[in-house]
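Participant: Can you read through this structure? Questions will come right after.
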């Protein structure tokens, strides 16, 4: 007799839970007002909200930017990149260590620039001003030559952009200090 009471209670609880679920599971209508989703649009027509139809909707908000206006306003010289303020005394770096880091960063950028300029020279030599030398398989199929020419042109444009970006980055850095 006790077993029947326990299973009867379980069934009753399960039915009550099932009946309560649809009432609390989701709102009847979801509205999209620009980039905002809501179930209470208010004056939906005035705000330009549209009813979203379909299944469940999940919106995950992104991170908000952290104090960009203050950092930009405190830039020490025109055109200089803003430096983030140190959050605690432990995060500050001594000036000698910072100069060493800057020198390392400059060396890395200069090495990358040399490598990219070498690749640029190779591509220019192979591209030959838009008329690369034809390979044996391209003699029989001119479309292959056109495809390779177009690919070389795209690669050269990318490498040119990379060289320009590296030069801009080096120009933004402070010049290396001369030790006497």
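In mature numbering (1 follows the signal peptide of the UniProt record, and there is no 0), the protein residues as written are -25 to -1, 1 to 155. By construction, the Cβ of each residue, glycine as well, lies at the ideal position given by its N, Cα and C atoms.
Kindly give me the distance between the Cβ atoms of residue 98 and residue 134, rounded to whole angstroms, as I take these residues to be in contact under 8 Å.
Facilitator: Sure, about 6 Å apart at Cβ, within 8 Å.
Participant: Please state whether DSSP places residue 91 in a helix, a strand or coil.
Facilitator: Helix at residue 91.
Participant: Reducing DSSP to helix, strand and coil, say where residue 22 ends up.
Facilitator: Helix at residue 22.
Participant: Apply the 10 Å Cβ neighbour rule to residue -3 and answer buried if 16 or more other Cβ atoms are within range, or exposed otherwise.
Facilitator: Its pLDDT being 49, under 50, residue -3 is placed unreliably by the model, and the measurement read from it follows with that caveat. Label assigned to residue -3: exposed.
Participant: Quick check on residue 83: does DSSP put it in helix, strand or coil?
Facilitator: Here residue 83 sits in helix by DSSP.
Participant: Bridge partners of residue 7, per DSSP?
Facilitator: Per DSSP, 12 and 25.
Participant: Pick out whichever of 29, 22, 95 and 23 has its Cα sitting closest to the Cα of residue 4.
Facilitator: Here the closest residue by C-alpha is 29.
Participant: If we ignore side chains and look at the alpha-carbon of each, how far apart do residue 11 and residue 41 end up?
Facilitator: Each residue's Cα considered, the two are about 21 Å apart.
Participant: Which same chain residues end up closer than 7 Å to residue 119 when comparing Cβ atoms and leaving out the 5 residues on each side of it in sequence?
Facilitator: So the qualifying residues of the chain are 112 and 113.
Participant: Can you grab the Cα-Cα spacing for the pair residue 144 / residue 22, in whole Å?
Facilitator: Near 44 Å, if we compare the C-alpha coordinates of residue 22 and residue 144.
Participant: Under a three-way DSSP split, which group does residue 122 fall into?
Facilitator: Residue 122 falls in the helix class under three-state DSSP.
Participant: May I ask which residues mark the beginning and end of the alpha helix (DSSP H) holding residue 36?
Facilitator: No alpha helix (DSSP H) holds residue 36; DSSP gives it neither H nor E.
Participant: So, at 7 Å on beta carbons, what are the nonlocal neighbours of residue 8 in its own chain, with the 5 sequence-adjacent residues on each side left out?
Facilitator: Correct list, in chain order: 16, 22, 23 and 24.
Participant: Which residues bound the alpha helix (DSSP H) around residue 111?
Facilitator: From DSSP, the alpha helix (DSSP H) with residue 111 extends over 111 to 115.
Participant: For my contact list, residue 26 and residue 6 are in at a C-beta cut-off of 8 Å; report their separation, rounded to the angstrom.
Facilitator: Right, their Cβ atoms sit about 6 Å apart.
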